[in-house]
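Down below is the structure, laid out as structure tokens.
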Amino acid sequence: MSSPDFDQKTQEELKKFLDAENAKAQMQSTIHEFTGRCWDKCIKSATSNNNKIDSTEKACLENCVNRFVDTSMFIVKRLQNRN
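Right under this line is the structure:
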């Protein structure tokens with residue numbers, strides 16, 4: 001990522017910024033994917049009950065997504081600690 005318009009320090013800052021933004025985008029994409037999987041697992045009545053979910057389905061959905069996020073964060077931290 002060399003550019004004659006930016007000095008070395010600016011290039012490093014831009015790289016860090018882009019890496020952080022890419023990590024955020026990847027995490028958002030992962031959460032979106034998990035939400036879809038959890039929706040399929042937890043939501044049974046939304047189509048038959050006027051597009052409303054009940055409290056059990058809501059709790060299942062929240063718990064499912066939170067567990068996926070917790071697991072992903074655990075894996076990321078473990079991989080970071082290995083380096």
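Following UniProt numbering, the numbering of the sequence shown begins with 1 at its first residue and continues without gaps. C-beta atoms are modelled at their ideal positions from N, C-alpha and C, and glycine is treated no differently.
Note on geometry: alpha-carbon atoms of Thr30 and Lys9 lie some 32 Å from one another. By the C-beta density criterion, Val76 is exposed, having fewer than 16 other C-beta atoms within 10 angstroms.
Here Glu57 is not near Cys38, since their CB atoms are 8 Å or more apart. Annotated three-state conformation of Phe6 is coil, per DSSP.
In this chain, the alpha helix (DSSP H) harbouring Lys58 covers Ser55 to Arg82.
Taking C-alpha positions only, Lys15 is separated from Cys64 by approximately 34 Å.
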